[in-house]
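For the sequence shown, the working numbering gives the first residue as 14, with consecutive numbering after it. Where is the CB? At the ideal position from N, CA and C, for every residue including glycine.
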Amino acid sequence: MADELQPGGAAKPPLSGSPQINPADPDPASRVWPLGGTTWVLTEIRDAQGAHAVPGGIRSTFEVDTDEGHLYVETGCNHGRASVSINAASLQVGPMALTRMMCPDSVMWVEHSIVAVLQGQVPYLIYRDILAVGGADKALVYRSDLPPAA
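This is the structure we're talking about:
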């Protein structure tokens, strides 16, 4: 796969298949950000038209509670929750319950993108503080909002 995630948000081709992260930094990860217990902040949405930065002023987060088997999302407009089971390469996401506020079109675009990706079996990959979730049609790229615990 030729997809790359590079610092600075340079334009990238859409993902094909499972998410792949090929950072420019060749050093191996010295710390690992766990999927569960980390607040992941959405930075980019990839689709067939390319990579799109999350519009300014929109904060969308993704959190997994591995003990309870739930994922929680803040779409920038609404809050949601779904059951989730995790294996080494994918999430199995149950139906998502979301609040139902209407927001500006740019915020609703982000929300619709999140809901489209986070359903059923969803591939994911973590590299350092970057989480990619999704596949060929659409993928979400998140970054941890805090450094990992030592």
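{"query": "Reduced DSSP secondary structure (H/G/I, E/B, other) of D60", "result": "strand"}
{"query": "Distance between C116 and D60 (C-alpha atoms, nearest Å)", "result": "22 Å"}
{"query": "Three or more C-beta pairs below 8 Å linking the region 121–134 and the region 146–158", "result": "yes"}
{"query": "Three CB pairs or more closer than 8 Å across the region 136–150 and the region 93–103", "result": "yes"}
{"query": "Three-state class that DSSP yields for S96 in the structure shown", "result": "strand"}
{"query": "Nearest-angstrom Cβ-Cβ length linking T79 and T52, presumed shorter than 8 Å", "result": "Wrong, their Cβ atoms sit about 14 Å apart, outside the cutoff."}
{"query": "Euclidean distance between Cα positions of D118 and M109", "result": "21 Å"}
{"query": "C-alpha gap between S98 and V77, whole angstroms", "result": "10 Å"}
{"query": "For G89 and S96, the rounded distance between their alpha carbons", "result": "20 Å"}
{"query": "Sequence-distant residues of its chain with Cβ nearer than 8 Å to H83 (five each side left out)", "result": "V77, R94, A95, S96, V97"}
{"query": "Best match in V54, W46, A64 for proximity to G148 [C-alpha to C-alpha]", "result": "A64"}
{"query": "Classification of E87 by the beta-carbon crowding that lies within 10 angstroms, buried from 16 upward", "result": "buried"}
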